[in-house]
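Remember, this note's numbering sits 9 above the position in the sequence shown when you count from 1.
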Amino acid sequence: MTAGNGRRVGSPYAPHTDADEEAMLDAVGADSAEELFDIPEEVRFDGEFGVSGTDEQELRNVMADLFSRNEELTEFLGRGHHAHYVPALVDDLSRRSEFLTSYTQYQPEIAQGFLQVLFEYQSMLVELTGLPVANCSMYDAATALAEAALLANRLRRGASGHRVLVPEHLHEGRLGVLENYLDGAEMEIGEYPMADGAVDVEALADLVDDETVMVYAETPTVRGVIEERLADIGDLAHDNDALFCLGSDLVALALLEEPASVGADVVVGEAGALGLGTAYGMGLGIFATREEYLRQVPGRLVGVSEDSADMRAFTLTLQTREQHIRKERATSNICTNQAWVALRTAMHMAWLGPDRLVDLATEAVTDARDLAARLDELSGVKAPLYDRHHFREFVVRTDQPAPAITNDLAGRGFAVHALDDHHLQVCITDANADAADGLVAAFEEVI
10 MTAGNGRRVG SPYAPHTDAD EEAMLDAVGA DSAEELFDIP EEVRFDGEFG
60 VSGTDEQELR NVMADLFSRN EELTEFLGRG HHAHYVPALV DDLSRRSEFL
110 TSYTQYQPEI AQGFLQVLFE YQSMLVELTG LPVANCSMYD AATALAEAAL
160 LANRLRRGAS GHRVLVPEHL HEGRLGVLEN YLDGAEMEIG EYPMADGAVD
210 VEALADLVDD ETVMVYAETP TVRGVIEERL ADIGDLAHDN DALFCLGSDL
260 VALALLEEPA SVGADVVVGE AGALGLGTAY GMGLGIFATR EEYLRQVPGR
310 LVGVSEDSAD MRAFTLTLQT REQHIRKERA TSNICTNQAW VALRTAMHMA
360 WLGPDRLVDL ATEAVTDARD LAARLDELSG VKAPLYDRHH FREFVVRTDQ
410 PAPAITNDLA GRGFAVHALD DHHLQVCITD ANADAADGLV AAFEEVI
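Set out below in structure tokens:
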């Protein structure tokens with residue numbers, strides 16, 4: 010905003026006047042604001058984008074040609090990104106104007122419908138985990154795990170150590186996020202071994218001590234194995250005054266042991282397997298915990314109360330983020346608003362209902378078992394690698410080099426993971442089960 014003499018006098022968005030800026034620059038010993046930024050010349054904007062203009066039709070033709078170069082692959086990929094069929098009503102309802110916004114529902118008087126859906130989403134998590142408190146604002150499974158570790162450290166403040174124990178088989182992305190979070194909190198990560206794809210409980214017992222603030226385990230694991238000794242893991246954690254954090258997902262929780270029944274203090278994981286499909290990065294983190302930890306929960310919680318007319322009303326409550334309360338009392342600075350994704354997940358779960366959700370989970374076990382058995386019949390293939398029950402996915406050992414097999418399968422229209430020189434990972438869900446015959450035939454050809 011400029012005055013009649015051409016000098017800036019500030020605006021509602023950038024209120025600093027020329028005099029304000031001069032005073033601040035003088036205080037820090039700089040001649041201009043540009044001196045405060047060290048931007049390499051090769052990436053500094055010079056006023057030209059270097060992109061020639063074009064009309065809409067020509068641009069659409071260029072983009073169509075570009076997209077046509079994409080390979081059409083049927084994905085049998087998993088490892089944290091699981092595609093399930095998403096019903097059309099989820100797209101249709103979630104795209105209504107009252108829902109399609111990234112803005113947080115800070116004004117309950119105009120967002121009761123959205124807040125009710127989020128409250129119901131939290132209620133579904135409570136029912137699936139057996140834990141009484143759940144939130145709706147974690148980015149993904151990785152950030153949920155990291156926030157659980159910070160919660161454990163806050164509860165154990167004053168303890169002799171600050172170590173979190175995680176399994177040897179942990180998704181590298183989740184481990185990387187956990188490392189970033191804990192480095193700033195001056196915490197450390199320890200790794201415990203696996204035996205035949207599941208937790209080596211005896212080896213874990215030798216590692217858990219009074220310096221451990223949290224033990225993390227997963228079911229299913231990143232390699233699809235269903236963990237059978239969760240209660241023993243929980244006992245080890247609690248015997249050493251550590252929290253037991255369990256990683257899972259919404260479909261698995263419908264069938265496997267209830268986390269609360271095996272002693273889980275916190276449940277984290279990926280919720281976007283329902284309602285979102287494979288999003289290649291975008292997700293929604295599960296976070297549920299015990300009531301005594303309510304005021305340590307990061308992110309947002311939707312609560313229910315009554316308004317001045319004694320009518321039921323939903324609102325954001327117990328907001329312990331850094332932006333809302335004093336920094337030293339905040340539990341977290343996580344700023345995400347995953348409300349729209351949580352809304353889609355809630356819609357998908359409601360559409361499935363409890364019986365169909367259990368059916369979907371049961372199919373994840375039987376389809377993986379059946380596909381592994383078919384691949385195991387092929388020469389030079391062992392499937393599954395681990396003599397365990399599996400959920401959705403499993404590891405395959407191959408005599409031939411796994412990367413070469415992966416490439417050959419891609420040439421035939423199928424995508425699988427190559428874990429190392431002789432191990433592949435295959436994931437089957439209701440979204441690709443109809444292509445299982447083709448995958449088996451392609452495997453037989455390439456080996």
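Beta carbons are placed, not taken as given, at the ideal position from N, Cα and C, and that holds for glycine.
With fewer than three CB-CB distances shorter than 8 Å, the stretch 312-321 does not count as touching the stretch 134-142.
Beta-bridge partners of I295 (DSSP): G278. Residue pairing by DSSP leaves M356 without any beta bridge partner. The shortest CA-to-CA distance from T63 to any of D55, M72 and G56 is the one to M72. Taking the Cα of L154 as reference, the smallest distance to any Cα among L82, E181 and E44 is reached at E181. Its Cα nearest to that of A207, the residue H178 stands out among V222, A214, G199 and H178. Ranked by Cα distance from G272, the first of A246, A282, A280 and D417 is A246. Secondary structure note for S103: its alpha helix (DSSP H) is the uninterrupted segment A97 to S103. Within the same chain, and ignoring the five residues on either side of T415 in sequence, the residues whose Cβ sits closer than 7 Å to its Cβ are V425, A427 and L433.
The beta carbons of V173 and L191 sit about 7 Å from each other, so the pair counts as a contact at 8 Å. Ranked by how close their Cα comes to the Cα of K391, the residues T375, R406 and D274 have R406 in first place. Going by beta carbons, Q409 and I456 fall inside the 7 Å limit. In the DSSP secondary-structure assignment, V374 is not bridged to any residue. With a cutoff of 7 Å on beta-carbon distance, T83 and A381 are scored as not near each other. Short of 6 Å from the beta carbon of G59, and not among the five residues preceding or following it, lies no beta carbon of its own chain.
Bounds of the alpha helix (DSSP H) holding R183 are E181 to G193. Listed as beta-bridge partners of T324 by DSSP are G312.
L109 counts as exposed, since fewer than 16 other beta carbons sit within 10 angstroms of its beta carbon. In the three-state scheme derived from DSSP, where H, G and I count as helix and E and B as strand, T340 is classed as coil. Spatial neighbours of D241 in its own chain (CB-CB distance under 8 Å, excluding positions within 5 residues in sequence) are listed in chain order as V210. F400 is a Cβ neighbour of G233, given a cutoff of 7 Å. For G243, the uninterrupted alpha helix (DSSP H) segment begins and ends at L239 to D248. For the pair A280 and I295, the CB atoms are nearer than the 7 Å cut-off.
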